[in-house]
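Inspection log for the structure reproduced underneath, given as structure tokens.
Residue numbers (our numbering): 1415 to 1524.
This is the structure:
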């Protein structure tokens, strides 16, 4: 089992939502190296379907025979089904980009 880490700010980043570039930020809530990361996530401007509601993202990393299984659990949509569905599609794209990068060593769009 990894050791827990204390909270610290997540470097600000950017996200693309509905063709809009949105500043995003959050805080690492839990880091259990090498198995789990939990962070908050919030946009700095109104997201088209989520507004500025803060959500929570958990990255779960599980060793498997030929690599690592990455599972993302994004919660806190509070009944905003359209926002939850959009984010699920977005995470599917992110995981596909991550897999392609691992397999080819190239960044998405590069």
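Virtual Cβ for every residue (Gly too), placed ideally from N, Cα, C. For clarity, every value in this text was computed on a predicted model and none was experimentally measured.
How is residue 1519 classed by DSSP in three states: helix, strand or coil?
coil
C-beta contact flag for residue 1454 and residue 1500 at 7 Å
no
By alpha-carbon positions, which one of 1446, 1474, 1466 ends up nearest to residue 1509?
1474
Residue span of the beta strand (DSSP E) that contains residue 1469, given as start and end
1469–1478
Just verifying my parser: in three-state terms, what is the DSSP assignment at residue 1464?
coil
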